[in-house]
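In terms of our numbering, the sequence shown opens at residue 478 and continues consecutively.
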Amino acid sequence: MGSAAAIEPPSPNEASFREPTFREPWDRYLRRLVVGAAYALQPRRIALLPRLWQMTLAYYLSPKGTRDQLPARPTYATRWGLAGISDDLSVPALLHNYARGLFPVCHIGPMKWWCPSLRAVQDPRLAHVGRTVRRLIRRHNFTVTMDTDFAGVMEACAQPRPGKTPLTWITPKVMRAFYAAYRAGYAHSVEVWDAQGRLVGGLFGLAIGDVYFGESKFCRSSHASKVAVAYLHRHLAAWGYRLYDAKWMTPHLAETGFVAMPRDDFLSLLPWYTSEEGQVGRWSVDPALDPADWSKGWDVASPNPPGAAPRAA
Numbered sequence: 478m479g480s481a482a483a484i485e486p487p488s489p490n491e492a493s494f495r496e497p498t499f500r501e502p503w504d505r506y507l508r509r510l511v512v513g514a515a516y517a518l519q520p521r522r523i524a525l526l527p528r529l530w531q532m533t534l535a536y537y538l539s540p541k542g543t544r545d546q547l548p549a550r551p552t553y554a555t556r557w558g559l560a561g562i563s564d565d566l567s568v569p570a571l572l573h574n575y576a577r578g579l580f581p582v583c584h585i586g587p588m589k590w591w592c593p594s595l596r597a598v599q600d601p602r603l604a605h606v607g608r609t610v611r612r613l614i615r616r617h618n619f620t621v622t623m624d625t626d627f628a629g630v631m632e633a634c635a636q637p638r639p640g641k642t643p644l645t646w647i648t649p650k651v652m653r654a655f656y657a658a659y660r661a662g663y664a665h666s667v668e669v670w671d672a673q674g675r676l677v678g679g680l681f682g683l684a685i686g687d688v689y690f691g692e693s694k695f696c697r698s699s700h701a702s703k704v705a706v707a708y709l710h711r712h713l714a715a716w717g718y719r720l721y722d723a724k725w726m727t728p729h730l731a732e733t734g735f736v737a738m739p740r741d742d743f744l745s746l747l748p749w750y751t752s753e754e755g756q757v758g759r760w761s762v763d764p765a766l767d768p769a770d771w772s773k774g775w776d777v778a779s780p781n782p783p784g785a786a787p788r789a790a
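1. With H, G and I counted as helix, E and B as strand and the rest as coil, what does DSSP make of Y689?
2. Quick one: give me the first and last residue of the beta strand (DSSP E) that A715 is part of.
3. Distance check for L720 and D687, CA to CA, integer angstroms please.
4. Opposite V511 in the DSSP bridges: which residues?
5. So what's Y718 in DSSP terms, helix, strand or just coil?
6. For a test of the three-state rule: what should DSSP assign to H665, helix, strand or coil?
7. Quick one: complete alpha helix (DSSP H) runs, 4+ long, within the stretch 725-775?
8. What's the C-alpha gap between L595 and L579?
9. Could you check which residue in R505, H665, M588 and R615 has the C-alpha nearest to that of L680?
10. Nearest to L683 by CA position, among A707, G586, T620 and A654, is which residue?
11. Among the candidates R740, A731, P764 and T751, whose CA atom is the shortest distance from the CA of H712?
12. Under a Cβ-count criterion, where at least 16 other Cβ atoms within 10 Å of its own Cβ denotes burial, should W795 be classed as buried or exposed?
13. Less than 8 angstroms between the CB atoms is what I'm expecting for H573 and G734, so what's the real figure, rounded?
14. CA-CA distance, L744 and Y663?
15. Leaving out five residues before and five after L518 in sequence, what residues of the same chain have Cβ atoms less than 8 angstroms from its Cβ?
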């Protein structure tokens with residue numbers, strides 16, 4: 478972990494256990510409706526609209542008691558993998574649907590669930606930490622924590638990115654769902670703090686069994702999000718996680734070591750990996766697991782590297 482000198486991120490009593498109120502101002506809500514509609518009309522996505530409208534109409538015409546049940550055997554629409562519509566974002570529903578390879582992403586309307594034809598995945602044990610990130614860690618430029626300000630990380634991830642379309646799927650509805658999963662011990666965050674104790678980078682995701690499902694990350698200081706990823710990979714590897722799922726494959730993910738796994742292969746692995754015990758409960762940084770010194774002291778092929786945390790919750 479980074480230097481302890483004068484860097485004092487919020488304590489768990491101040492950050493992790495506060496009860497945030499996730500709200501969206503009316504101007505942002507209206508902007509999301511307009512930009513979200515324009516986003517759906519882009520040429521590469523417009524082919525999905527007929528199926529999307531059909532599924533949305535069927536959703537609203539279905540009885541309220543059954544409309545939020547996703548199909549047991551989805552028919553995936555386009556390479557994006559639209560599988561169904563359900564506004565059930567309870568913790569049991571999240572765990573059940575993620576274990577089936579589905580994840581929620583939606584800008585407007587009821588929640589859409591997806592399972593793309595190619596999945597961006599990586600074995601955490603094989604992750605690479607670049608020289609720049611190693612140097613930053615060794616210089617103690619940042620302090621890194623886990624599960625200390627989950628709400629703050631989500632809110633930062635939802636903020637517009639410079640030069641990007643001001644549109645996010647991390648809406649208040651999504652934040653409330655993942656915060657409930659965090660309180661239940663399944664959703665986790667990594668926070669990166671600068672020398673003034675400001676939150677400058679981080680990420681969050683959902684962990685089930687031996688699979689970590691990455692949701693989003695943010696960066697307010699050069700390479701801060703890469704530091705968060707390095708710490709996450711190092712701990713996932715030591716704890717025995719087998720798969721890091723980053724959802725849709727992108728050139729950026731390919732550059733960072735993720736590979737494209739066909740949907741059928743991915744779905745065949747999930748029942749095995751998600752049925753493991755995993756690390757349920759609050760996570761914290763283990764000072765013995767230093768990403769800047771990854772290659773020393775353990776064999777990446779070993780299922781129980783030295784310094785690994787106990788598998789029990």
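Yeah, the Cβ is synthetic: ideal placement off N, Cα and C, and Gly gets one too.
Taking the structure as given:
1. In the three-state scheme derived from DSSP, where H, G and I count as helix and E and B as strand, Y689 is classed as strand.
2. Boundaries around A715 are those of the alpha helix (DSSP H), A701 to A715, since no beta strand (DSSP E) includes it.
3. Take the alpha-carbon of D687 and the one of L720: they are about 7 angstroms apart.
4. DSSP, once it has assigned bridges, lists no residue as partnering V511.
5. DSSP places Y718 in coil when its eight states are reduced to three.
6. DSSP places H665 in strand when its eight states are reduced to three.
7. 728-732 and 740-750, all fully within the stretch 725-775.
8. When the Cα atoms are used, L595 and L579 turn out to be separated by approximately 13 angstroms.
9. Restricting attention to R505, H665, M588 and R615, the CA atom closest to the CA of L680 is found in H665.
10. When C-alpha distances from L683 are compared across A707, G586, T620 and A654, the shortest belongs to A654.
11. Among R740, A731, P764 and T751, the Cα nearest to that of H712 is on P764.
12. Absent from the model: residue 795. The displayed extent of the chain is 478 to 790, so no value can be given.
13. Between G734 and H573 the Cβ distance is about 29 angstroms, and since that is not below 8 angstroms, they are no contact.
14. Rounded to whole angstroms, L744 to Y663 spans 20 angstroms at the Cα level.
15. Cβ contact annotation for L518 (same chain, cutoff 8 angstroms, sequence separation greater than five): L526, in chain order.
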